[in-house]
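Mapping of the sequence shown onto the working numbering: residues 1018 to 1189, in sequence order. To start, the structure itself, in structure tokens.
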Amino acid sequence: MVLRCTAKLLNLVGARANHLAALEPSDADWYANLLWLDRRKCLLLAHTGTLFSVFAADVRKADLLPLGSLVARLIQRELRAEGLPLDTFGNLDPNGVELAKTASRNVLGYMNEIARQCEYAIAESGGLGRCDIERLNGELRRHLHLSRQPPGYFVPIDLVRARSRRTARSRK
């Protein structure tokens, strides 16, 4: 799995530029961003091809090391929460995570939009400690996003469910 991290996150985990994967961007990539919300570090993940997102609140630097382990665990947790197969996005081997720089301004733009939704939800609930993160994650995946592709919009969870059905059919 390729994890394309923002400079903030790469800095925090101490990733050196010469240790980053130099791979072509793919719809199978994941993006990761470090957010500061309510004076706490938070992690936002998004799958490039579907924008299936995962928000993790109040993460510590120690939680982020090794990053692959945390990311795989968070994605699997959210797949379970949605009742989706754990292999929906392929093999989520924590030891197979390759860190890379971000490559798509489009995905980063969507992630900024998702980050704003997190900010608003946290503020509306009275702070990070009072926010129902499980519910927030579910809402983020059901938010309508505009797209240049027909029909002009998409909902991440719908894309992931369609992907899961295609994968299940191809196994038969």
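Yeah, the Cβ is synthetic: ideal placement off N, Cα and C, and Gly gets one too. No experiment lies behind these values; they were computed from the predicted model shown.
Take Arg1077, set aside five residues on each side of it, and the residues of its chain with a beta-carbon closer than 8 angstroms to its own are Lys1058, in chain order.
Following the DSSP letters along the chain, one finds Cys1135 inside the alpha helix (DSSP H) bounded by residues 1122 to 1141. For Leu1051, the enclosing beta strand (DSSP E) begins and ends at 1047 to 1054.
For Lys1025, the enclosing alpha helix (DSSP H) starts and ends at 1024 to 1030. Rounded to whole angstroms, Leu1145 and Asn1154 show a C-alpha spacing of 13 angstroms. Under the DSSP assignment, Arg1057 falls in the beta strand (DSSP E) whose first and last residues are 1057 to 1064.
In the structure shown, the three-state DSSP call for His1162 is strand.
Note on geometry: alpha-carbon atoms of Arg1097 and His1036 lie some 32 angstroms from one another. Classified as exposed, Ser1164 has fewer than 16 neighbouring CB atoms from the shown chains inside 10 Å of its CB. Bridge partners of Arg1021 according to DSSP: Tyr1048, Ala1117. Looking at the DSSP output, Ser1070 sits in a beta bridge with Ala1063. Ranking Ala1117, Leu1052, Thr1067, Phe1069 by CA distance to the CA of Gly1085 puts Ala1117 first.
Going by beta carbons, Val1172 and Leu1161 fall inside the 8 angstroms limit. Trp1047 is classed as buried because its beta carbon has at least 16 other beta carbons within 10 Å across all chains shown.
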